[in-house]
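So the sequences go chain by chain: A and B.
All the letters of the first sequence, read from the start, carry residue numbers 1 to 164 under the numbering used here.
All the letters of the second sequence, read from the start, carry residue numbers 1001 to 1184 under the numbering used here.
Built from N, CA and C at the ideal position, the CB exists for glycine as well.
Below: the structure, in structure tokens.
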Amino acid sequence: MDNVYITDRLKKTFTHDILETDAGGDMLTVIVTAPVIAEVIRFLKEEPDLGFVFLTDLCGIHYPDRGLPLGVVYHLHNLGENIRIRVKTFVTLADPRVPSVTGLFSTANWMERETYDFYGILFEGHPNLKRILNVEYLDFFPLRKEYPLEDPTREDKQDRHFGR
Amino acid sequence: MNTTTIPYTKTEPPEGYSAPGLFATTLDRVVGMARKNSLWPLPFATSCCGIEFMATMGANYDLGRFGAERLSFSPRQADLLMVMGTIAKKMAPVIQQVYIQMAEPRWVLAVGACASSGGIFDTYSVLQGIDRVVPVDVYVPGCPPRPEQILAGFMKIQEMVADEPLRRRYSPEYREMLAGYGIV
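Below, the structure is given as structure tokens:
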């Protein structure tokens, strides 16, 4: 099984939902549309010839300059043949909904909560989508680029302390 | 045989009047002297300042010399809350709860830049100084401070303890100050 074979299998089943594939770099990267992401991952996991049975990582990303700025990145691992694949999907800030993969991988539960916590991506079908690391009263998603990294209440970094 | 005398200082008696067989002073000063030399610290160590505190408790620096041999890992018996390390915002209610559980009179020592001001962690997840949730008596600067600095901070606390009037904790000003932190 090589990258060409995996790409062909995906393109035959999901046709227009596969937006982009890139076999260069460290591992095969596939960009798919958001509504089918759970189906693509189910396909990769449950087809016996593909066998990506391990979800290594699930995380969010924010590219503020792109048309679809918010992304979710899935890393899958075929443990038998030691092949990895990276699947990405992108959504808008106004409607950041992505189907949950908690039904496929229990480990996705906390990782999707973390992605929601930091980027505000709404995983549809998640059993308990609430903040996991940050304080409950936080009223923004701190890793989105429109929010400052610094604590806004800090007083000892004001300009007057530096003669500005 | 070469003998060397190890210098040590005895605790000075408080101000007062003495005559043969008699010493008169105020109750505040006697209580202050007793408290100052038997403080039970509660170490609330979350990061590298806590490692410096371990050295401070060890044989080289020996916080026991100042009457603080006995650490209290329960807030109920502790007199001094020593906060050493970065406090995340999620930890803030915990530290306030620990403070509330301590019996009066109680003192707080903020050890290191993070406990004092947030330090280098100027970020959305870190509490910018524990004085946002509990009143702090002495701040020890440093990142992390050396054991000598922690000892200096502890000795400042001792001075405050010795000088504390007995009625201070019952005063309306003190209650008002606590209420300012949301502590009833």
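Original post:
If you draw a straight line from the alpha carbon of Ala1162 (chain B) to that of Asp1028 (chain B), how long is it in whole angstroms?
Top reply: Going by C-alpha positions, Ala1162 (chain B) is about 8 Å away from Asp1028 (chain B).
Original post:
With burial defined as no fewer than 16 other Cβ atoms inside 10 Å of the residue's Cβ, what is the status of Ser1117 (chain B): buried or exposed?
Top reply: Under this definition Ser1117 (chain B) is a buried residue.
Subject >> Segments assigned beta strand (DSSP E), at least 3 residues, entirely inside the segment 35–83 of chain A >> reply: The DSSP assignment places 54–62 and 70–78 as complete runs of the beta strand (DSSP E) inside the segment 35–83 of chain A, in order along the chain (cut-off: 3 residues).
**OP:** Please decide whether Glu150 (chain A) counts as near chain B, where near means a Cβ-Cβ distance under 8 Å.
**Re:** Glu150 (chain A) counts as touching chain B.
Original post:
So which residues on chain B does Thr153 (chain A) lean against when the C-beta distance must stay under 7 Å?
Top reply: Near Thr153 (chain A) (Cβ distances below 7 Å), the residues of chain B are Gln1128.
Original post:
When you compare each of A:Asp117, A:Leu129, A:Gly67 and A:Gly80 to Tyr1124 (chain B) by their alpha carbons, which one comes out closest?
Top reply: Looking at the Cα atoms, A:Asp117 is the closest of the given residues.
Original post:
So, are the CB atoms of Cys1048 (chain B) and Pro1144 (chain B) less than 8 Å apart?
Top reply: Yes, Cβ-Cβ distance for Cys1048 (chain B) and Pro1144 (chain B) is below 8 Å.
Subject >> Start-end ranges of the beta strand (DSSP E) lying completely within the segment 1029–1098 of chain B, minimum 3 residues >> reply: Taking only runs of at least 3 residues, the beta strand (DSSP E) segments lying wholly in the segment 1029–1098 of chain B are 1041–1045 and 1080–1084.
Original post:
Rounded to whole angstroms, how far is the Cβ of Ile1157 (chain B) from the Cβ of Asp1131 (chain B), which I believe are closer than 8 Å?
Top reply: Between Ile1157 (chain B) and Asp1131 (chain B) the beta-carbon gap is near 15 Å, outside 8 Å, which marks them as no contact.
Original post:
Taking any Cβ of chain A, which residues in the segment 1114–1125 of chain B have a Cβ under 8 Å from it, in chain order?
Top reply: Listed in sequence order: Ser1117, Gly1118, Asp1122, Thr1123, Tyr1124 and Ser1125.
Original post:
What span of residues does the beta strand (DSSP E) with Val30 (chain A) cover, start to end?
Top reply: Val30 (chain A) -> beta strand (DSSP E) spans Leu28 to Val32.
Original post:
What does Lys1156 (chain B) reach in chain A if we use C-beta pairs closer than 9 Å?
Top reply: Ordered by position in chain A, no residue passes the 9 Å Cβ test against Lys1156 (chain B), which lies about 21 Å from the chain.
Original post:
Hey, is Lys145 (chain A)'s beta-carbon within less than 8 Å of any beta-carbon in chain B?
Top reply: So no, Lys145 (chain A) is outside the interface.
Original post:
By Cβ distance, which residues of its chain are closer than 6 Å to Arg1169 (chain B), with the 5 residues on each side in sequence left out?
Top reply: Taken in chain order, the residues that qualify are Glu1104 and Pro1105.
**OP:** Answer with yes or no whether the minimum CB distance from Lys130 (chain A) to chain B is below 8 Å.
**Re:** It does not; no Cβ of chain B falls within 8 Å.
Original post:
In angstroms, rounded to a whole number, what distance separates the CA positions of Lys45 (chain A) and Tyr63 (chain A)?
Top reply: Distance between Lys45 (chain A) and Tyr63 (chain A), taken at the CA atoms: about 28 Å.
Original post:
If you count every other CB in all the chains shown that lies within 10 Å of the CB of Lys1089 (chain B), and 16 or more means buried, which is it?
Top reply: Lys1089 (chain B) should be labelled buried.
Subject >> Inter-residue Cα distance where the pair is Asp65 (chain A) and Trp1107 (chain B) >> reply: Approximately 51 Å between the Cα atoms of the pair.
Original post:
According to the neighbour-count rule (16 or more other Cβ atoms, all chains shown, within 10 Å of its Cβ), is Val30 (chain A) buried or exposed?
Top reply: By the 10 Å Cβ count, Val30 (chain A) comes out buried.
**OP:** Output yes or no for whether 8 Å exceeds the beta carbon distance between Val1098 (chain B) and Pro1075 (chain B).
**Re:** Using a Cβ distance threshold of 8 Å, Val1098 (chain B) and Pro1075 (chain B) count as a contacting pair.
**OP:** With DSSP as the reference, please indicate the residues paired to Glu124 (chain A) in a beta bridge.
**Re:** According to DSSP, which records beta bridges pairwise, Glu124 (chain A) is partnered with A:Pro99.
Original post:
Using 8 Å as the Cβ pair cut-off and three pairs as the minimum, do the segment 43–60 of chain A and the segment 15–27 of chain A touch?
Top reply: Contact between the segment 43–60 of chain A and the segment 15–27 of chain A is absent, because fewer than three Cβ pairs lie under 8 Å.
Subject >> Closer than 8 Å at the beta carbon, the chain B residues around Asp156 (chain A) >> reply: Correct list: Ser1117.
**OP:** Consider the Cβ of Lys1090 (chain B): report whether some Cβ of chain A lies at a distance smaller than 8 Å.
**Re:** Yes, contact with chain A.
Subject >> Beta-carbon gap between Ala1059 (chain B) and Met1084 (chain B) smaller than 8 Å >> reply: No, these two residues do not count as a Cβ contact at 8 Å.
**OP:** Closer than 7 Å, Cβ to Cβ, to anything on chain B: give me those residues from the segment 59–91 of chain A, in chain order.
**Re:** Per Cβ criterion, the list is empty.
Subject >> Element boundaries [alpha helix (DSSP H), containing Tyr1139 (chain B)] >> reply: Element bounds for Tyr1139 (chain B): not the alpha helix (DSSP H) but the beta strand (DSSP E), Val1138 to Val1140.
**OP:** For Ala1019 (chain B), count neighbouring Cβ atoms within 10 angstroms of its own Cβ and tell me buried if that reaches 16, exposed if not.
**Re:** Counting every other CB atom within 10 Å of its CB across the protein chains shown gives Ala1019 (chain B) a total below 16, marking it as exposed.
Original post:
On the three-state DSSP scale, how would you describe Val91 (chain A)?
Top reply: Three-state result, Val91 (chain A): strand.
Original post:
Applying the criterion that 16 or more other CB atoms from any shown protein chain within 10 Å of the CB defines a buried residue, is Phe1023 (chain B) buried or exposed?
Top reply: When all chains shown are included, Phe1023 (chain B) counts as exposed.
**OP:** Could you tell me whether the segment 79–90 of chain A touches the segment 49–57 of chain A, where touching means 3 or more Cβ pairs closer than 8 Å?
**Re:** The way I'd put it, the segment 79–90 of chain A does touch the segment 49–57 of chain A; three or more beta-carbon pairs between them come closer than 8 Å.
Original post:
Tell me which same chain residues have a C-beta within less than 8 Å of the C-beta of Val1140 (chain B), skipping the five on either side of it?
Top reply: If we look at Val1140 (chain B) and ignore the five residues flanking it on each side, its Cβ neighbours are Leu1109, Ala1110, Val1111, Gly1112, Ser1116, Gln1149, Ile1150, Ala1152 and Gly1153.
Original post:
Residues of chain B with CB under 8 Å from Asn3 (chain A), in chain order?
Top reply: Neighbours of Asn3 (chain A) on chain B: none; closest Cβ ~39 Å, over 8 Å.
**OP:** Could you tell me which chain B residues have their CB closer than 9 Å to the CB of Pro142 (chain A), listed as they occur along the chain?
**Re:** Those within 9 Å of Pro142 (chain A) in chain B are Thr1123, Tyr1124 and Ser1125.
Original post:
Looking only at its own chain, which residues have a Cβ that is under 7 Å from the Cβ of Val36 (chain A), when we skip the five neighbours before and after it?
Top reply: Scanning its chain for C-beta atoms nearer than 7 Å, with the 5 sequence neighbours on each side dropped, one finds around Val36 (chain A) the residues Phe14 and Asp17, in chain order.
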